Every structure is written in C-alpha cells, then in structure tokens.
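Here the sequence shown is numbered in the numbering used here, starting from 5 and rising by one per residue. Worksheet for the structure shown next.
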Amino acid sequence: MPAPLDRFLPEFDVRERHAIAVRAPAPLVLDVAHDFDPESIPSVHAIFWLRAKALGAREERPSLPKGLVPWTLGMGWGALAEEPGRFFVAGASCQPWKADVVFTPIPPDEFASYAEPDRVKIAWTLEAEPLGPATSRFASETRALATDAAARQKFRRYWSFARFGIVAIRWLLLPGVRREAERRWRSEKRAGR
C-alpha cells in the first residue's frame with residue numbers, strides 16, 4: 005500500500021518514520037493527534053527554545069493556535085491531503101538553516117514538481133492505522149528534499165545537528181498522543197459510548 009507521502013515526495017534526502025501501538029480506535033487516535041498540544045510536553049518546548057538560541061532567532065514568537073495541526077498550519081505549513089480517521093499530510097518549503105525559518109505552503113498539485121532554488125520542501129504525516137476494533141498504530145513520517153545542490157549542502161549541515169532535536173520531538177509526541185488517546189478511550193468506554 006503506498007504511503008501518504010509517496011504522492012508528494014517519492015524521492016527524498018531525508019526520511020524519518022516513527023510509530024507506536026495504541027490501545028484505542030484509529031479515528032480517535034488521529035483526532036487526539038490533530039488537537040494535541042506539542043508544547044504541553046516540557047521537553048518539546050525546551051527543544052524549540054534551544055534551537056532558537058543556537059541559531060540566534062528573535063526572542064518573541066507569534067502566538068499560535070493550540071493543537072498540533074492548527075499550530076503547524078499557523079506557522080505557515082499547508083494541508084496537502086487528508087483522509088478523516090486515517091491520515092493528515094502537511095507540507096511547505098523553507099530554508100530550515102535560517103534562525104527565523106519561514107514556512108511557505110505549496111499547493112498539493114504543485115508539491116511534487118516544486119523546484120524554487122535554494123529551498124527545501126518538507127512534508128509530514130499523522131497516520132492512524134487500525135489494527136483491530138480498539139487498537140491502532142499511530143505513526144508520523146517526515147520527508148525532506150532540497151531543490152538544488154546549494155540548498156542540499158546547507159540542509160545537510162543543518163540536519164547534522166538539528167536531526168537530534170527533530171527526532172526527539174517525535175519520540176516525545178508519539179507517547180504523549182498514545183497516553184491521551186488511551187485515556188480518552190477508557191473514559192468513553194466507562195461512559196458507555
């Protein structure tokens with residue numbers, strides 16, 4: 005079965021995929037992931053703060069909506085595809101090596117062919133795969149592709165250190181989403197829903 009990102013980034017410079025089993029139905033898990041506040045995890049908040057300090061970003065950050073999907077869309081990511089209860093795909097172009105990175109959405113039908121020089125196009129997913137009536141696999145995949153050799157060289161330098169924080173965020177988010185989804189599922193079962 006093709007991955008949701010195959011349509012947008014069949015070739016890539018970087019691919020990270022992380023998954024975790026969850027004792028809750030897939031639609032509930034995806035709903036929880038959509039609305040999960042990543043900065044509610046102190047370590048995630050600290051990783052963003054460290055990146056900003058290391059790259060010399062401005063002190064003030066704009067106020068963003070709560071919830072993982074609204075939060076990232078508020079940063080400038082664009083929604084590329086969605087199958088309710090199954091997956092959500094977002095993507096953007098940027099220059100991630102810059103301190104105050106600006107994400108620019110790309111229309112879904114232009115994403116695969118987008119090639120503006122000195123940019124990196126990045127797409128990521130939230131996925132919930134049903135494993136049974138009350139179990140699922142929650143996954144997040146990220147792919148990135150530089151649009152030219154100069155961008156690739158800058159991105160590789162950036163990725164050599166930034167990768168650790170980005171992967172750590174996934175390692176922290178997945179269990180956070182699992183805890184909340186399982187808590188909500190237990191609560192719904194007790195309430196007889």
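The beta carbon of each residue, even a glycine, is placed where N, CA and C say it ideally should be. Nothing here was measured: the structure is a model prediction, and the numbers come from that model.
Can you tell which of His38, Arg182, Thr146 has the C-alpha that lies nearest to the C-alpha of aspartate 17? As a first step, residue 17 is located in the sequence shown; it is residue number 13 there, counting from the start. It is Thr146 whose Cα lies nearest to the Cα of aspartate 17.
Classification of glycine 180 by the beta-carbon crowding that lies within 10 angstroms, buried from 16 upward: Numbered from its first residue, the sequence shown carries residue 180 at position 176. When all chains shown are included, glycine 180 counts as buried.
Is it true that the stretch 111-121 meets the stretch 129-136, where meeting means three or more beta-carbon pairs spaced less than 8 Å apart? no
Which term fits phenylalanine 142, buried or exposed, when burial requires 16 or more other beta carbons within 10 angstroms of its beta carbon? Mapped onto the sequence shown, residue 142 falls at position 138. With 16 or more other Cβ atoms from the protein chains shown falling within 10 Å of its own Cβ, phenylalanine 142 counts as buried.
Across which residues does DSSP place proline 134 in a beta bridge pair? Along the sequence shown, one-based indexing puts residue 134 at 130. Looking at the DSSP assignment, proline 134 forms a beta bridge with Ser140.
What is the DSSP secondary structure of leucine 13, counted as helix, strand or coil? On the sequence shown, residue 13 is found 9 positions in, with the first residue counted as 1. Coil at leucine 13, not helix or strand.
Per DSSP, which residues does glutamate 145 bridge with? Please list them. What you label residue 145 is simply residue 141 of the sequence shown in a count that begins at 1. Partner(s): Arg21.
Option in Ala166, Phe91, Leu130 with minimal Cα separation from alanine 103: Counted from its first residue, the sequence shown places residue 103 at position 99. Checked all of Ala166, Phe91, Leu130; the closest Cα to alanine 103 is Ala166.
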